Structures are given as C-alpha cells and as structure tokens.
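Take a look at the structure below.
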Amino acid sequence: MITVESLTRRYAGFTAVDNVSFTALPGRVTGFLGPNGAGKSTTMRVMVGLTVPTSGTATINGERFADLPNPGLEVGVLLDASAQHAGRTGREILTIAADTMGLPRRRVDEMLELVSLTSSEAKRRVRNYSLGMRQRLGIGTALLGDPRVLILDEPANGLDPAGIRWMRDLLTGFASQGGTVLLSSHLLHEIEVIADDLVVIGKGKIVASGSKEELLAAAGTLVRSPSPRDLAHALERAGIPSTLAGDGWVRTDADPARVGAVALTAGIALTELRSAEGTGLEDMFLSLTADTQREGVAA
Amino acid sequence: MTATIVPPDTIEAEPARRTAQPIRTTRLVKVELRKMFNTRSGFWMLISIGVLSPISAGSLLVLGLNSDVTYQNFVRASGFPMSVILPIIAILAVTGEWSQRSGLTTFTLVPSRGRMIGAKAIATLLVGLGAVSVAFAVGALGNVAGSALAGVDTAWDVSLSMALQMMLYNLVGMAFGFALGVVLRNSAAAIVGYFVASLVMPGILALLAQVRSWFEDLQPWIDWHYTQVALLNGATNTVKEWAMLGSTTMIWIVLPLVIGLLSLRRSEVK
Chain A
10 MITVESLTRR YAGFTAVDNV SFTALPGRVT GFLGPNGAGK STTMRVMVGL TVPTSGTATI
70 NGERFADLPN PGLEVGVLLD ASAQHAGRTG REILTIAADT MGLPRRRVDE MLELVSLTSS
130 EAKRRVRNYS LGMRQRLGIG TALLGDPRVL ILDEPANGLD PAGIRWMRDL LTGFASQGGT
190 VLLSSHLLHE IEVIADDLVV IGKGKIVASG SKEELLAAAG TLVRSPSPRD LAHALERAGI
250 PSTLAGDGWV RTDADPARVG AVALTAGIAL TELRSAEGTG LEDMFLSLTA DTQREGVAA
Chain B
44 MTATIVPPDT IEAEPARRTA QPIRTTRLVK VELRKMFNTR SGFWMLISIG VLSPISAGSL
104 LVLGLNSDVT YQNFVRASGF PMSVILPIIA ILAVTGEWSQ RSGLTTFTLV PSRGRMIGAK
164 AIATLLVGLG AVSVAFAVGA LGNVAGSALA GVDTAWDVSL SMALQMMLYN LVGMAFGFAL
224 GVVLRNSAAA IVGYFVASLV MPGILALLAQ VRSWFEDLQP WIDWHYTQVA LLNGATNTVK
284 EWAMLGSTTM IWIVLPLVIG LLSLRRSEVK
C-alpha cells in the first residue's frame, strides 16, 4: 500500500505538488493522471526519496521509502527508462541491480526472459536501445527483486501494441496477486483499460480520486438510432434529458439499461447502445483539468 | 470494459512484510568496483592503464640513457599514465550517476546517499592502491630488464618513505577528482575543472609567486600542484612540509567534499 499525506513540494517561485493526499491499495491498479507538468513525476520522485518534500509524507506499507532496509525487494520503481548509463549493456544494468539487492544472478536471465529481451539484445549497450527496449529493461529492473509494490511513471511510453498488451496483462496479474500498482500515464485509453482506481492531478493539486466506476458513473450513455430525433423525444417523455450528438448519436446521463427500455417501449430501433465510458475518461479528464490545461480546453 | 477480478481474500490483505536484510557495505563496494569498469569508457580506461603503463616504462628502455636506468625512473614512467587516468576514474565514479542519470536507479535501490558515496570512495581507494601496486611491479620488471639490457647494476633507489609518498601522490590526485565530482556532479565540468586545477592553475600561481614576493611564501600552503610535486619526488619530509600538504588538502579536497556532501544530501536526483 502506498500512502501519500498532505504532500507539498515547492520550488523557487512555484508549487509543483500542493497538499496532495491519496492511497494506492493492494490488489488494485491505481492510475495517476494529469496533464504535462501537473506534478505526477515530482510526486513519484518524492515517494521513492529522490526528491525531498517541502512538507507532508509518503509511505510504503507504513514506512518511509528511505527507511526500507533493501528497498528493491519491496518496491519496484521505474521513473524514466532513459535514465541509464548509455555505455552499459542491458545485462550489466540488471546484473548490478541484482548484485546491489543481493539476488542470485539467475534472476537476471529470468527478467530478460520475462521482458522479452533476447540474449543478443541484452549484450548491446543501452545507447543503441529503442525507447521500447529501454522501457522493457526498466520494467525488468523494477520487477527484479520480486517486490509487492510497483511505482511506474509512463511505462507504456514507446512500447509497441503487443508490448502495451503484455504490460497490461503483467500489471493486472501483479495486482490480482495482491500487489499494489501505481501507474502514471497520459495515455487515457491505457489507464482506462487497466486501472481500478484513479487519481487525477492538475497544477499540483488532486482534482479527483476514487474508483474508476465512481468517477465514470457520471459518464452516461451513448445510443445510436436511425431516427435519433424520435429517440430523443421518447427519452424526454420518459423524463430523461438528452442531446443529439450528430451522426445518429444521442447522448444522455441515464444508464444504458434505462435507455434501452425506453427505446423498446417506444418501438425505436437502435443500432448501438453503450456506456459513454470510452469517451468518458477523456471528457472527465479535460473537464477536471480544464483550468490547468495549457490549451485552455473547455470541456 | 475489462474488469479486474480480484480474489476477495487478497483485496484487503496487506502483503506480508518480508524480513529484508539491510544492504551490506562490502556488497555496495563490490558493485561500485564493477560499475567503474563495466561501461565503455570505464573499460577503455582500465585497458589504457594496462597498456600505457608498460609502454611508458618501455620507452625509457628505448629512449633513455644508461644513467636513467633506475627503479625510481621506471616507477615514475609506468606511473605517469596512471596519474592522469586515475583521477578521471574517480571523477566518473561519482558524476556518472548524474551525467548518465543512472543515479535514478542507484539511489532508489540505496536511498542513503552518504552510504553510496562512501562505497564509491572505498572502491576508488581500492582501485588507486591496486593501480599504484601495478606501477611498482611494472617498474620493477622494467628496471630488471633495463639494467640487464644496458649492462649496468640494477639500482633499487626507492626508499619506503618515497614509495609511500608516490602512492600518496596518486591517491591525493584521485581524492581531488572525487571531491570535484561530488561538488560538481557533472562529468564534463569535473574533468575540465580537474585539468584547469592541475595544468593551468599551477602556472598562474608560479608566475604570481615570481612577481609578488609575499605570495612566494604563501604558495606552498595553497598550491595543490606544489605539494603534489613534492610528494612525487618523495620530498615531503619535515613537519612543515607535511603541514603544507595538510593545508592544500584541506583547501582542495576536504572543503569541496564537505560542501558537495552537504548539498548532495538534499539535492534532487533527476
């Protein structure tokens, strides 16, 4: 479990992290969302002791990271896949991490296999790695000590589609065995598919947090029909406000089951009926962080 | 959407706290020694010491006069490449973590920065002792071969005191590089700083001593290069001379090291 309490980090002139509190629970994947420069990475750096907080605390299973006797065995960390000595081979980077943690060398081979780096790739220097390969190596380093907590900053960056699916399965499996995963990303689709809980940060402040279901409950329903106007009228008669979204789409805050029932009673054919979740996270993200977005997007 | 199915008994259960042993310092030192030479630059620095040292000693055989064939000259010749490369090894041992950003991993695996820098210092010292021993060994081989080739008596003209001072000369050079690394935490800046302090500054101070007589007496107390040359020549003998060495060490090594360690304790690793 990761607990962050009233965490603040100020730099000369601005506050990168402003009184942030949240908890990442075991057995769940917690998605950490926010626009560029919102304070995600700073928060994660404070968690692992690379940045000293101005005030507040961050603890892993109740202990400060710096007080853990051998942190690599309890917390797997990947903050920046490119932050490796470019002149070392992938295998050497895993070897020195394994040696530092006091792990047997066979863990290095196990990890290389787990993250699908071939032995010839592992012999190459990291300078010649693609971002995706560095990301895999970083994930291998994080998992090396068989930790129960993972802190990953943008781990899907640079991975190919197969890699993204692999990572998704890996993290879901990790959480289902009781592990704690905190994962930051700005790839909303990724987070939506994988996260159980969400923490949204904007300009250093938490703007929303809770389970994904809770946060997306307000997302409503998207329904498509050859006669959208009739459907909108039928919904209105049933006391459900709705809006025409173009191309036959009607959007409403009601849940899909109710909308389907109304359409059935009114005898209106539907071509599609689904929860608006797919667009919900993006809408939610943009509206929650609207005043913190660089582009000033009005959601 | 894909829901994550979580076995109910694991949802609330806190993962069992394993009984992790603290990381031992000997293990950290071993890892640091490995890290010094498992990069491309580290590997070539090690090779260049191994290759240049015998070449340098050998050149004395080829180019030197018969009167040059003494143990002192051979040790100095084989040690010369080391006196240049060892401080760079010391610098990179520290600055690589920042310039190459590997510190992100290093300091998350070992959050205590003081321990980490300590392990690096011990590893640097071991490399220094090892390298200087090699210089003495290569010098001895050169001396035996050289005197046989030149047909002169083998001259073992290095006293214990002189040997220790030659050793200290290299260790002080490494310590200065290490301190620069800790305070600057940037490979390029620290290497440039090292060469400015060891090649450019001595000339300026010597010039200053020539034109300002009051500085002439002061120079041995503040000129790092001056006390280094005395060590290399085995000429640090009196209490006053050792005090001069202490003074330059305070100014050039202890002071930057303390400043560097203080700022490093709270600095961000990015």
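Respectively, the protein sequence lines represent chains A and B. If you want the working numbering, it's the position in the first sequence, counting the first as 1, plus 9. If you want the working numbering, it's the position in the second sequence, counting the first as 1, plus 43. Where a beta carbon is used, it is the ideal one built from N, C-alpha and C, also for glycine. As the structure is a computational prediction, the values presented were derived from the model and not from experiment.
Based on Cα-Cα distance, which residue from the options lies nearest to residue i?
{"i": "L168 (chain A)", "options": "A:E199, A:R54, A:L121, A:V29", "result": "A:E199"}
{"i": "I380 (chain A)", "options": "A:L240, A:A241, A:P44, A:L192", "result": "Lying before the first or after the last residue shown, residue 380 (chain A) is absent from chain A, which here runs from 10 to 308."}
{"i": "R145 (chain A)", "options": "A:A299, A:G65, A:L88", "result": "A:L88"}
{"i": "D200 (chain B)", "options": "B:V187, B:L152, B:L192, B:Y212", "result": "B:V187"}
{"i": "M293 (chain A)", "options": "A:A278, A:L153, A:L197, A:V13", "result": "A:L197"}
{"i": "M293 (chain B)", "options": "B:A222, B:A273, B:Y237", "result": "B:A222"}
{"i": "G194 (chain B)", "options": "B:L242, B:L104, B:G220", "result": "B:L104"}
{"i": "V72 (chain B)", "options": "A:G255, A:I105, A:T127", "result": "A:I105"}
{"i": "R238 (chain A)", "options": "A:A263, A:A278, A:A270, A:K221", "result": "A:A278"}
{"i": "P265 (chain A)", "options": "A:A171, A:A272, A:R283", "result": "A:R283"}
{"i": "A47 (chain A)", "options": "A:W258, A:H195, A:P35, A:V190", "result": "A:H195"}
{"i": "T60 (chain A)", "options": "A:L207, A:P78, A:T17, A:E83", "result": "A:T17"}
{"i": "A299 (chain A)", "options": "A:G211, A:P170, A:M142", "result": "A:G211"}
{"i": "N81 (chain B)", "options": "A:E130, A:F183, A:R100, A:T252", "result": "A:R100"}
{"i": "T12 (chain A)", "options": "A:S50, A:M56, A:K49", "result": "A:M56"}
{"i": "S50 (chain A)", "options": "A:D162, A:M120, A:G187", "result": "A:D162"}
{"i": "M210 (chain B)", "options": "B:W87, B:P245, B:A178", "result": "B:A178"}
{"i": "G289 (chain B)", "options": "B:S241, B:S306, B:Q271", "result": "B:Q271"}
{"i": "M205 (chain B)", "options": "B:R228, B:N116, B:P245, B:S84", "result": "B:N116"}
Residue i lies in the alpha helix (DSSP H); which residues open and close that run?
{"i": "G219 (chain A)", "result": "Premise fails: G219 (chain A) lies in the beta strand (DSSP E), 214-220, not in any alpha helix (DSSP H)."}
{"i": "I160 (chain A)", "result": "Element bounds for I160 (chain A): not the alpha helix (DSSP H) but the beta strand (DSSP E), 158-162."}
{"i": "T148 (chain B)", "result": "146-152"}
{"i": "E259 (chain B)", "result": "256-265"}
{"i": "T39 (chain A)", "result": "Element bounds for T39 (chain A): not the alpha helix (DSSP H) but the beta strand (DSSP E), 38-42."}
{"i": "R309 (chain B)", "result": "298-309"}
{"i": "T274 (chain A)", "result": "265-275"}
{"i": "W285 (chain B)", "result": "282-292"}
{"i": "V235 (chain B)", "result": "230-238"}
{"i": "V259 (chain A)", "result": "It is not in any alpha helix (DSSP H) - V259 (chain A) instead sits in the beta strand (DSSP E) that spans 258-261."}
{"i": "K49 (chain A)", "result": "49-56"}
{"i": "S204 (chain B)", "result": "203-227"}
{"i": "L242 (chain B)", "result": "Run containing L242 (chain B): none; DSSP gives neither H nor E here."}
{"i": "P237 (chain A)", "result": "237-246"}
Tell me the residue span of the beta strand (DSSP E) that contains residue i.
{"i": "L231 (chain A)", "result": "230-233"}
{"i": "V84 (chain A)", "result": "84-87"}
{"i": "F179 (chain B)", "result": "Looking at the DSSP string, F179 (chain B) is not in any beta strand (DSSP E); the run it does join, the alpha helix (DSSP H), is 156-193."}
{"i": "Y20 (chain A)", "result": "11-20"}
{"i": "E281 (chain A)", "result": "281-284"}
{"i": "T252 (chain A)", "result": "251-255"}
{"i": "S30 (chain A)", "result": "23-33"}
What does a CB cutoff of less than 7 Å around residue i pick up in its chain, not counting 5 residues either side in sequence?
{"i": "P80 (chain A)", "result": "F74"}
{"i": "R309 (chain A)", "result": "Nothing about residue 309 (chain A) can be read from this structure; chain A reaches only from 10 to 308."}
{"i": "V312 (chain B)", "result": "G146, L147, F150"}
{"i": "M107 (chain A)", "result": "With the sequence shown as reference, residue 107 (chain A) is identified as Ala, and Met is not the correct amino acid for it. Excluding positions up to five away in sequence, the list reads R114, R116, V117, L153."}
{"i": "Q208 (chain B)", "result": "L274, G277, T279"}
Grab me the residues of residue i's own chain with a C-beta within less than 6 Å of its C-beta, minus the 5 sequence neighbours each way, in chain order.
{"i": "I173 (chain A)", "result": "A165"}
{"i": "T66 (chain A)", "result": "E14"}
{"i": "I302 (chain B)", "result": "V226"}
{"i": "G161 (chain B)", "result": "none"}
{"i": "L297 (chain A)", "result": "V209, V216, A217"}
{"i": "F219 (chain B)", "result": "W295, I296"}
{"i": "V124 (chain A)", "result": "R145, I148, G149"}
{"i": "V84 (chain A)", "result": "I69, P156, V158"}
Go through its chain and collect everything with a Cβ distance to residue i's Cβ below 8 Å, but skip five positions before and after it.
{"i": "L76 (chain B)", "result": "A166, L169, V170"}
{"i": "R308 (chain B)", "result": "R156, G157"}
{"i": "R19 (chain A)", "result": "A25, T63"}
{"i": "T337 (chain B)", "result": "Residue numbering for chain B in the displayed model covers 44 to 313; residue 337 (chain B) lies beyond these limits and cannot be assessed."}
{"i": "G141 (chain A)", "result": "G167, L168, D169, G172"}
{"i": "L126 (chain A)", "result": "G99, M142, R145, L146, G149"}
Any heavy atom of the ligand COA closer than 6 Å to the beta-carbon of residue i?
{"i": "V124 (chain A)", "result": "No copy of the ligand COA appears in this structure; indeed no ligand is present at all."}
Would residue i pass as an interface residue toward chain E - the criterion being a Cβ-Cβ separation below 7 Å?
{"i": "G58 (chain A)", "result": "Absent from the structure is chain E; the protein chains it does hold are A and B."}
Under 8 Å, with one C-beta from each stretch per pair, do the segment 242-253 of chain A and the segment 204-218 of chain A reach the 3-pair mark? no
Uninterrupted alpha helix (DSSP H) stretches inside the segment 75-123 of chain B (no shorter than 4 residues): 83-106
Restricting to runs no shorter than 4 residues, where is the alpha helix (DSSP H) found entirely within the segment 170-215 of chain A? 170-185, 197-203
Counting beta carbon pairs with one atom in the segment 17-35 of chain A and one in the segment 122-136 of chain A, are three or more of them shorter than 8 Å? no
Do three or more CB pairs link the segment 89-108 of chain B to the segment 116-125 of chain B at distances below 8 Å? With the rule of 3 Cβ pairs closer than 8 Å, the segment 89-108 of chain B counts as touching the segment 116-125 of chain B.
Does the segment 128-143 of chain B come within contact of the segment 217-233 of chain B, defined as at least 3 CB pairs closer than 8 Å? Touching, yes, given that three or more Cβ pairs across the two stretches are closer than 8 Å.
Segments assigned beta strand (DSSP E), at least 3 residues, entirely inside the segment 65-139 of chain A: 84-87
Could you tell me whether the segment 241-260 of chain B touches the segment 105-115 of chain B, using the rule of 3 or more Cβ pairs below 8 Å? no
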